[in-house]
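Here is the structure we will look at, set down as structure tokens.
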Amino acid sequence: MKKLLFALSLVLACTLVRADQTNLAEDDASLEAYNGGFESGKNGGSGFGEWKMTTEGNDENRHAGFFTATTENNKDVTGIVKNDKAWGVYANGTGFEQAVAYRAFTTPLAVGDSFSFMLESGLLEKKSEADPGGGSAGLTLRTSNATDSTEDYNKDAVFEFGHYDGKPNYQIFDGSGEDKTDSGVAFTDAGVSVTVTVTGEDTYDLEIQTMGDKNLTKLPGRKLKAAGAISSLAIFNRNTEKSDAFFNSLQVARENK
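One point on numbering: in the numbering used here, the residue at position 195 of the sequence shown is 185, and numbering is uninterrupted.
Rendered as structure tokens:
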């Protein structure tokens, strides 16, 4: 089954750009830039700036950081790997640990652009009785590029997607309203592929595909939290404890005119 998931993920990664689109940016964990690890200053692929890593909680009892995950050393990551690799982010210990990686787009997203990424994580379970819980893992899109600390992960964010403690479905935080945060897509440890297509100054369409069964959910006509050009992203692991978070296959495609 894991071999099948891996093969299907490769097919999907190779077909994200349609015939009527041009690929503006792309990066994934299998590129040579990440052979030595996943850390600040790395800049694989094209169309993005360098990664900037921040952590909160690194001592004897608290741990947060980043690594290049492989299927050999991380048996559970299968759905989003490319050439057996994904970006790994961990945050666990006795407190509320956090690890956030920031990255700017070389060219801000314009109307008609589609940004896609992959996310995979496990169940959110405490590693220590002292842990406060409330973990989450996901990605934000932002109109600025603040990178001073982990607390900047959602600064000027117009879109946030992820897996949150106590929520059986993936959640969306944008400008669509508090009654529309639930995606309706159940959490899956096989991961998801997510595509955000900008349709207007403050509107977008969202697509979520589950990697295990390839079920596609379309959520058109959503609102961003505010108007403004999307110029950066942040991937975050906020206290997911026993489960690491994995990301892969960043891509920006633009409609041909």
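The C-beta atom is built at its ideal place from N, Cα and C for all residues, glycine as well.
Residue from the options with nearest C-alpha to residue i
| i | options | result |
| --- | --- | --- |
| residue 59 | 82, 18 and 41 | 18 |
| residue 219 | 107, 181 and 190 | 190 |
| residue 182 | 209, 152 and 210 | 152 |
| residue 117 | 232, 244, 238 and 236 | 232 |
| residue 26 | 12, 204, 77 and 120 | 77 |
| residue 247 | 40, 186, 102 and 210 | 102 |
| residue 201 | 217, 177 and 223 | 177 |
| residue 10 | 99, 104, 229 and 42 | 104 |
| residue 243 | 193, 100 and 206 | 100 |
| residue 156 | 115, 217, 196 and 89 | 115 |
| residue 148 | 163, 142 and 139 | 163 |
Residues of its chain near residue i, where Cβ-Cβ distance is below 6 Å and the 5 sequence neighbours each way are ignored
| i | result |
| --- | --- |
| residue 165 | 213, 214 and 215 |
| residue 0 | In this prediction, residue 0 scores a pLDDT of 39, lower than 50, which makes its location untrustworthy; no coordinate-derived value is stated. |
| residue 16 | 35 and 241 |
| residue 229 | 81, 86, 87 and 125 |
| residue 92 | 42, 137 and 224 |
| residue 112 | 179 and 233 |
| residue 208 | 197 |
Bridge-paired residues (DSSP) for residue i
| i | result |
| --- | --- |
| residue 166 | DSSP, once it has assigned bridges, lists no residue as partnering residue 166. |
| residue 110 | 236 |
| residue 159 | 176 |
| residue 49 | 52 |
| residue 128 | 152 and 226 |
| residue 186 | 105 and 196 |
| residue 181 | The partner list for residue 181 (beta bridge, DSSP) is empty, contrary to what the question assumes. |
| residue 213 | 193 |
| residue 76 | 59 |
| residue 36 | 16 |
| residue 208 | 197 |
| residue 243 | 13 and 104 |
Residue i in three-state terms, based on DSSP
| i | result |
| --- | --- |
| residue 97 | coil |
| residue 227 | strand |
| residue 13 | strand |
| residue 140 | helix |
| residue 197 | strand |
| residue 119 | coil |
| residue 22 | helix |
| residue 41 | coil |
| residue 65 | coil |
| residue 71 | coil |
| residue 82 | strand |
| residue 219 | coil |
Check: residue i C-beta below 7 Å from any heavy atom of the ligand ZN
| i | result |
| --- | --- |
| residue 43 | Because no ligand of any kind appears in the structure shown, any question about the ligand ZN cannot be addressed here. |
7 Å Cβ shell around residue i - same chain, five flanking residues per side excluded
| i | result |
| --- | --- |
| residue 73 | 20 |
| residue 144 | 130 and 150 |
| residue 61 | 67, 68, 71 and 74 |
| residue 51 | 83 and 84 |
| residue 161 | 152, 154, 171, 172 and 173 |
| residue -4 | Annotation note: pLDDT 38 at residue -4 (below 50); position unreliable, no value reported. |
| residue 128 | 109, 150, 151, 152, 153 and 226 |
| residue 48 | 54 |
Residues near residue i by beta carbon distance below 8 Å, same chain, minus five either side
| i | result |
| --- | --- |
| residue 193 | 211, 212, 213 and 214 |
| residue 159 | 172, 173, 174, 175, 176 and 177 |
8 Å Cβ cutoff, residue i in contact with chain C
| i | result |
| --- | --- |
| residue 179 | Here there is only one protein chain, and chain C is not present. |
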